[in-house]
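Visitor: Protein sequences, first through last, are from chains A and B.
In terms of this note's numbering, the first sequence opens at residue 1 and continues consecutively.
In terms of this note's numbering, the second sequence opens at residue 1001 and continues consecutively.
A single structure is presented below for examination.
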Amino acid sequence: MSAPAISIKGRAFGDRVLLALVILLSIAMIAPVLWVIGLSLKDNAELMADPNSVFRLPYTLRNYFNTIGTSSVFLWVLNSIIVSGGLTLGTLVLSSLAGYGFARLNFPGKNILFVIVLFGLAVPEQAVLVARHQIFSILKFHNTYHGLILPGLSASFGVFLMTQYFKAIPKELDEAAMLDNASRFRTFWKVLLPLTVPAQATLGIFTFLGAWNDYLWPLISATRKDMYTLTVGMASTQTNFAQSEGIGFLMAQAVFAGAPILIVYLFFQKYIVTAVSGAAVR
Amino acid sequence: MTADIEIRNVNKHFGAMSVLEDLSLSIKAREFIVFLGPSGCGKSTLLRMIAGLETVDSGEIAINRERIDHLPPGKRGIAMVFQSYALYPHMTVRDNMAFGLENIGMSREVIDARINEAARILEMPHLLERKPGQLSGGQRQRVAIGRAIVKEPKAFLFDEPLSNLDAALRTRTRLELAQLHQRLQSTMIFVTHDQVEAMTLADRIVVMNNRRIEQIGSPMEIYERPATKFVAGFVGAPAMNFIDATLDRSSGNATARFSDGISVRTAISSDLLADDKYSFGIRSEDVRIVPPGQGNADGVVDVLERLGERTLIYIRLGDGQQIVGSDVGNSRVAVGHKVGLAFDGQKSHLFSAAGRAWHAREA
């Protein structure tokens, strides 16, 4: 009779250790965020004199007002939203259509084409960067939204994910729709596509976050300040720290920059957790 | 609405593999036809060809004398219930039933009226706003049937629709399907490998094996007068007993002699039989258990299966062959007992080496 009691006690101890680890990890994650917020609420001159003043009153919102008044951060956020949103939407549309095609249609060369698409997973962006830069230069695509969006649309992972997801949907549903007199497009649109929402959410979240955090291609393609995305804009300000109004101002920009992604996270929390744990793909 | 269905000389291949060979079949209007056969015999393929989900390599399929084998599935005027039900998981029951009607541009009022009528027939008005994931297996099955009913099709096709249900629900749904057929008076084609479903539901059974039709007939015809050894062995539980026999055709009716000297006088005319070697067939209920020495043969009881209303008794004969006999539910026989077997020669069958069957003349 004592064995279960020991086991329960052992489990309770294990749970406590786990809880302590989770708390430690949470502190490690949240501390930089709190640090940023704290710095953004301090006067720049005071921080310059003593960085530890972040722990003392007084706090001020002046950096936020300055950011709103003088910084380009809102333009960069807007650019990032347009680029990330456009890229996400485009990727979802193209990957869904391609995935459906690979999973459900029979056409000559299908398998070879699928291998070619998958091969895209193995090619690093850096390998095609120069060629892409030249092509976009000739086409005058640099410093445009489509110049920032187009490269990301060749989403091998998205096509692969959606193909596998469509394949997992029973073909009887297509057949039932055929017997229900539905056209191929209506079957795709009304029957199959709604069933891929979990995969679309996974793909959409990864694509959006990837595009939001992308630095390399926007750095090359967006050379005009008004076309900077957030990552490039923030980096340009930080590398010109001497000409900025100080660390508090930079941190206020960072808070504004982080807000949209935080909102996205709050809205799609459930899907993000599922996506990260891989449950949506099963 | 109902339909007669004519299948003429239909062939089907998947790559190099032949699935159906020169198959012809006439299904009358309002008939409940069951395609029965083991896995891989081609019965589901035939059903899917009628539905339009598989192409016809050669031959014709006609509904009400109009060729339909070139039409897409949605234009054939038929409805199908799948083994997996194939309900659209993201739609409510109502939307599942409405989808096919919306696709042909039917007005909302007519759609609602049909859905409500089907829900009333199937006693599921309370399920209309639920999604398939919120339904039990039996309820999903009803919805799948409801989705077929609302289309008011010329014919209903069922592809093993009961195989995912538990035993009790299967029995109940079987009965409901029979009642539904009586009520709708539609042509229904039902595919199964379960002979009980076939026997209980069918007006006529089409027994299929190895790409061909073995026999078409009413359930009792199939059971009592199987056309081939395959049908005799496949239909009926337990399977028919088969014993290798040589024939004595010296009198009007043939006498079957087994290897250990046992003989049974059949009611099959000797004139019909040309060869000497046949397989003697008899069903378990035609093998009575009698005291040792009082039947055609004696044997030792191997296994007992008590089914309640009767007891199946597996008896080992002197030459090692096993025969299944039948006794009353509370049979006193026990494993290891020596018993006698009385074969009812009037109900015995003979099968040639090629599998063709001979039976006693019909009374």
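Don't be surprised by glycine CBs; every beta carbon is placed ideally from N, CA and C.
State whether the region 1206-1225 of chain B contacts the region 1047-1062 of chain B, with contact taken as three or more CB pairs (one from each stretch) at a distance under 8 Å.
Guide: No: fewer than three Cβ pairs fall under 8 Å.
Visitor: Span of the alpha helix (DSSP H) holding Y1278 of chain B?
Guide: Run containing Y1278 of chain B: none in the alpha helix (DSSP H); it sits in the beta strand (DSSP E), K1277 to I1282.
Visitor: Could you tell me if P1132 of chain B is buried or exposed, where buried requires 16 or more neighbouring beta carbons within 10 angstroms of its beta carbon?
Guide: Buried: at least 16 other Cβ atoms inside 10 Å.
Visitor: Roughly how many angstroms lie between the CA atoms of L39 of chain A and T60 of chain A, to the nearest whole one?
Guide: Rounded to whole angstroms, L39 of chain A to T60 of chain A spans 10 Å at the Cα level.
Visitor: Checking 8 Å against the spacing of the C-beta atoms, do G1340 of chain B and P1292 of chain B come in under that value?
Guide: Yes, the Cβ-Cβ distance between G1340 of chain B and P1292 of chain B is below 8 Å.
Visitor: What residue range does the beta strand (DSSP E) around K1314 of chain B cover?
Guide: In the sequence as presented, Lys is not what sits at residue 1314 of chain B; that position holds Tyr. Run containing Y1314 of chain B: R1310 to L1317, per the beta strand (DSSP E) assignment.
Visitor: Under a CB-based cut-off of 8 Å, is D180 of chain A close to chain B?
Guide: So yes, D180 of chain A belongs to the interface.
Visitor: List the residues of chain B whose Cβ lies closer than 7 Å to the Cβ of V297 of chain A, in chain order.
Guide: Past the boundaries of the shown model lies residue 297 of chain A; chain A is included only from 1 to 282, so the question cannot be answered.
Visitor: Grouping DSSP H, G and I as helix and E and B as strand, with all else coil, what is N63 of chain A?
Guide: Three-state result, N63 of chain A: helix.
Visitor: Confirm, please, whether the CB-CB distance from R1356 of chain B to T1266 of chain B is below 8 Å.
Guide: In this structure, R1356 of chain B does not lie closer than 8 Å to T1266 of chain B by Cβ.
Visitor: Work out the CA separation of A177 of chain A and V191 of chain A for me, nearest whole Å.
Guide: Near 8 Å, if we compare the C-alpha coordinates of A177 of chain A and V191 of chain A.
Visitor: Measuring only the C-alpha atoms, how far is V17 of chain A from R11 of chain A?
Guide: Each residue's alpha carbon lies about 10 Å from the other.
Visitor: Just how far apart, CA to CA, sit V1083 of chain B and L139 of chain A?
Guide: According to the sequence as given, residue 1083 of chain B is Gln; it is not Val. About 55 Å.
Visitor: Could you please give me the residues that DSSP links to M1080 of chain B through a beta bridge?
Guide: Answer is B:L1157, bridged to M1080 of chain B.
Visitor: Could you tell me which chain A residues have their CB closer than 7 Å to the CB of F1082 of chain B, listed as they occur along the chain?
Guide: Near F1082 of chain B (Cβ distances below 7 Å), the residues of chain A are E172 and A176.
Visitor: Mind listing, in chain order, the continuous beta strand (DSSP E) runs of no fewer than 3 residues lying wholly within the region 1220-1263 of chain B?
Guide: If we require 3 residues or more, the beta strand (DSSP E) runs fully inside the region 1220-1263 of chain B come out as 1241-1248 and 1253-1257.
Visitor: With 16 other CB atoms within 10 Å as the buried threshold, where does S26 of chain A fall?
Guide: Looking at its Cβ environment, which holds fewer than 16 other Cβ atoms inside 10 Å, S26 of chain A is exposed.
Visitor: Going along chain A in order, which residues have a C-beta closer than 7 Å to the C-beta of I1121 of chain B?
Guide: In chain order: nothing, as chain A lies at least about 20 Å away.
Visitor: Let me confirm a value: F217 of chain A is counted as buried when at least 16 other C-beta atoms fall within 10 Å, else exposed. Which label applies?
Guide: The residue you asked about is not Phe; residue 217 of chain A is Trp in the sequence shown. With 16 or more Cβ atoms within 10 Å of its Cβ, W217 of chain A is classed as buried.
Visitor: Straight-line CA distance for A1198 of chain B to I1205 of chain B?
Guide: Approximately 7 Å, taken between the alpha carbons.
Visitor: Output the boundary residues of the alpha helix (DSSP H) element that contains Q164 of chain A.
Guide: Taken as a continuous stretch (DSSP letters only), the alpha helix (DSSP H) holding Q164 of chain A covers S156 to A168.
Visitor: Mind listing which residues of the region 1066-1079 of chain B have their C-beta closer than 9 Å to chain A's C-betas, in chain order?
Guide: Listed in sequence order: P1072, P1073, G1074, K1075, R1076, I1078 and A1079.
Visitor: Rounded to the nearest angstrom, what separates E1006 of chain B and K1075 of chain B at their Cα positions?
Guide: Straight-line Cα distance between these residues: approximately 17 Å.
Visitor: In chain A, which residues lie with their C-beta within 7 Å of the C-beta of I1104 of chain B?
Guide: Near I1104 of chain B (Cβ distances below 7 Å), the residues of chain A are N181.
Visitor: Using DSSP bridges, identify the partner residues of S1269 of chain B.
Guide: Answer is B:N1253, bridged to S1269 of chain B.
Visitor: How about L283 of chain A: is its C-beta nearer than 8 Å to some C-beta of chain B?
Guide: Outside the displayed range of chain A (1 to 282) lies residue 283 of chain A, so it cannot be described from this structure.
Visitor: Taking only beta-carbon positions, decide if F1343 of chain B is within less than 8 Å of chain A.
Guide: Not one chain A Cβ lies under 8 Å of F1343 of chain B.
Visitor: Alpha carbon to alpha carbon, how far is G1320 of chain B from G1261 of chain B?
Guide: Rounded to the nearest angstrom, the two C-alpha atoms are 13 Å apart.
Visitor: Check for me: the alpha helix (DSSP H) holding A1062 of chain B runs from which residue to which?
Guide: It is not in any alpha helix (DSSP H) - A1062 of chain B instead sits in the beta strand (DSSP E) that spans S1058 to I1063.
Visitor: Listed from N- to C-terminal order along the chain, which residues in the region 1037-1064 of chain B have their beta-carbon within a distance smaller than 7 Å of any beta-carbon of chain A?
Guide: Answer set for the region 1037-1064 of chain B: A1051 and L1053.
Visitor: Using a threshold of 8 Å, state whether the C-beta atoms of V1081 of chain B and A1144 of chain B are closer than that.
Guide: Taking 8 Å as the Cβ cut-off, V1081 of chain B and A1144 of chain B qualify as a contacting pair.
Visitor: Just how far apart, CA to CA, sit R186 of chain A and V130 of chain A?
Guide: About 42 Å.
Visitor: Looking at the secondary structure, which residues open and close the alpha helix (DSSP H) in which G258 of chain A lies?
Guide: Its alpha helix (DSSP H) spans residues I247 to F267.
Visitor: By Cβ distance, which residues of its chain are closer than 7 Å to L1122 of chain B, with the 5 residues on each side in sequence left out?
Guide: Result list for L1122 of chain B: R1142, I1145 and G1146, in chain order.
Visitor: List the residues of chain A whose Cβ lies closer than 7 Å to the Cβ of F1158 of chain B, in chain order.
Guide: Within chain A, no residue comes near F1158 of chain B; the closest Cβ sits about 13 Å away, beyond 7 Å.
Visitor: For chain B, is any of its Cβ atoms less than 8 Å away from the one on R294 of chain A?
Guide: Lying before the first or after the last residue shown, residue 294 of chain A is absent from chain A, which here runs from 1 to 282.
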